[in-house]
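Residues 1 to 328 (UniProt numbering) are what the sequence shown spells out, left to right.
For each residue, glycine too, the CB sits at the ideal point set by N, CA and C.
Please read the structure below before turning to the comments.
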Amino acid sequence: MTSAVVVKPLTEDALAHPDSFTEVWNDRGSGGPLAVRFFTMNPRSGYTCLGSVALDNYQTPSPDKNLYRCVKSDYVSRGQGYYSLIWIDRGSGCPKAVIIYGNIPSGNSGYDIESNTFTAIGNYNTLTGSPPMLNGQVVKNHQEVLGLASLEDLAFVVYQTPDMEFVWSDRMTGCYLDIAVYRSKGHSGTYSLGDVAARSTNGKPEVGYVVKPLKDDALVAPDDYREIWNDKGTGGEFDVTFYQTICPSGYVALGDVAVASYTEDPPVDAIRCVKLDYVTNGQCDFVWNDRGSGSPDSLTVLGSKVYSGIKRTRSGSDYDISQLFRYA
């Protein structure tokens, strides 16, 4: 299930209610138990509406303007995303036709913020071009500004990205549990804080996170990496080596990294360490261990809310939660 996005303006002119609504479609004649009408929002000059809206009755003339906002066009990006078909009313029996498209950000941009909006278009028309998106360079997620006096207090910005690069899976290793590792990729100037480990049965993560520093000392490259574990002897389809991130004094890694090789070191830009002032102790959950792999060493993978911490163990059960962090 996708989550909805609500916004709060930090400047007076950032948002404005739509001037009016234009009805695109209604389900009269469909025989459905629930009434619905889809509308396009018509913005005032200088503003952009990010999606369509729905009304659950036939009696109200139009949606309430006070429930919706359009965004100042200066804060909107366009040209990176795409429209994805969600639903078409063929077979409904309605005299009108409609197609519902999801407004999806591009994996090539680390700045687009997904608002989970949709666009309703009548008469089975095909949408071309790209949908408008919130521009993450000027629009901030609420976790980033919560409790801050001003945007100048931000040390770095966390961006959501749908671009998840496959690194490794335990396919053919014989492990009792399945796992796959991915790396969050973002726009130039953004960095991962650790690779993402996911149970293979849950599928590829829909989104990951990358960060962009706003203060010079907020993020730094690691000093080094220390090998934790590799899958030699497991018979796996893919080679992998897991590495612990070694950070400079005063900094900490929120996660570790994996490399699809026995000989290559992780790239310097694969990850960033975070200044200790900006982290807090986090919670962790068991994700995976290599039982059944046949490896002479053991590995347990623990996951935080977003990032994964990885620790080599002998028993496969002595979790070290003291070294797991999440961003504050």
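- request: Would you mind reading off the limits of the beta strand (DSSP E) that contains residue 198?
  value: 196-198
task: Starting from residue 165, follow the beta strand (DSSP E) in both directions and report where the run begins and ends.
output: 164-169
field: residue 270 versus 204, 203, 165, 217, residue with shortest Cα-Cα distance
entry: The shortest Cα separation from residue 270 among 204, 203, 165, 217 belongs to 165.
field: Where residue 66 sits in the DSSP three-state scheme
entry: helix
field: DSSP beta-bridge partners of residue 102
entry: 84, 118
message: Measuring straight from C-alpha to C-alpha, what distance separates residue 41 and residue 51?
response: Roughly 7 Å between the two C-alpha positions.
- prompt: What residue does the beta strand (DSSP E) around residue 275 start on, and which one ends it?
  reply: 273-275
query: Should residue 114 go down as buried or exposed, given a rule of 16 or more other Cβ atoms within 10 Å for buried?
result: buried
query: How many Å lie between residue 277 and residue 194 at the Cα?
result: 18 Å
- request: Return no unless some Cβ of chain B is closer than 8 Å to the Cβ of residue 244.
  value: In summary, chain B is missing from the structure at hand, where a single protein chain is found.
- prompt: Are the Cβ atoms of residue 180 and residue 169 separated by less than 8 Å?
  reply: It is a contact, given that the beta carbons lie within the stated cut-off.
task: Tell me whether residue 246 is buried or exposed, calling it buried when 16 or more other Cβ atoms sit within 10 Å of its Cβ.
output: Residue 246 is exposed by the Cβ-count criterion.
task: Work out the CA separation of residue 230 and residue 301 for me, nearest whole Å.
output: 13 Å
- prompt: My guess is that residue 68 and residue 18 are in contact by the Cβ rule of under 8 Å, so how many angstroms apart are they, rounded?
  reply: 6 Å
query: So what's residue 73 in DSSP terms, helix, strand or just coil?
result: Looking at residue 73 - three-state DSSP - the assignment turns out to be helix.
- prompt: Span of the beta strand (DSSP E) holding residue 13?
  reply: Residue 13 -> no beta strand (DSSP E), and no H or E assigned at all.
Residues of its chain near residue 13, where Cβ-Cβ distance is below 8 Å and the 5 sequence neighbours each way are ignored: 72
- request: Would you identify the three-state DSSP class for residue 124, choosing helix, strand or coil?
  value: Coil at residue 124, not helix or strand.
field: Contact the segment 91-102 vs the segment 15-35: 3+ CB pairs below 8 Å
entry: yes
- request: Count the other CB atoms, across all protein chains shown, that sit within 10 Å of the CB of residue 149; report buried if there are 16 or more and exposed otherwise.
  value: With a pLDDT of only 45 at residue 149, under 50, the local geometry of the prediction cannot be trusted, and the value read off the model is given with reservation. Exposed is the call here.
field: Limits of the unbroken beta strand (DSSP E) element including residue 224
entry: It spans 224-230 - the beta strand (DSSP E) in which residue 224 sits, taken as one unbroken run.
task: Look at the Cβ atom of residue 209, then the Cβ atom of residue 134, and state whether they are nearer than 8 Å.
output: no
- request: Please go through the same chain and pick out, in chain order, the residues whose beta-carbon is closer than 8 Å to the beta-carbon of residue 112, but skip the five residues on each side of it.
  value: 77, 80, 81, 105, 106, 133, 134, 135, 136
Close beta carbons around residue 197, own chain, < 7 Å, minus the five adjacent residues each side: 179, 181, 287, 288, 301, 303, 308
- prompt: Buried or exposed: which applies to residue 266, given that a residue is buried once 16 or more other Cβ atoms fall within 10 Å of its Cβ?
  reply: buried
- request: Excluding the 5 residues preceding and the 5 following residue 273 in the sequence, name in chain order all residues of the same chain whose CB lies nearer than 8 Å to its CB.
  value: 219, 220, 221, 222, 245, 247, 248, 251, 252, 253
- prompt: If you check the beta carbons only, do residue 24 and residue 122 fall under 8 Å apart?
  reply: It is a contact, given that the beta carbons lie within the stated cut-off.
field: Same chain, Cβ closer than 7 Å to residue 162, neighbours up to 5 away in sequence not counted
entry: 105, 107, 206, 207
message: Please state the DSSP three-state secondary structure of residue 285.
response: strand
task: Using alpha carbons as the reference points, say which of 11, 281, 280, 38 lies closest to residue 139.
output: 11
message: Just verifying my parser: in three-state terms, what is the DSSP assignment at residue 268?
response: Helix.
query: Going by the CB atoms, is the gap between residue 53 and residue 63 shorter than 8 Å?
result: yes
Residue 176 - DSSP class collapsed to helix/strand/coil: coil
Alpha-carbon spacing of residue 173 relative to residue 99, whole angstroms: 45 Å
task: Out of 257, 118, 157, point me to the one whose CA is closest to residue 215's CA.
output: 157
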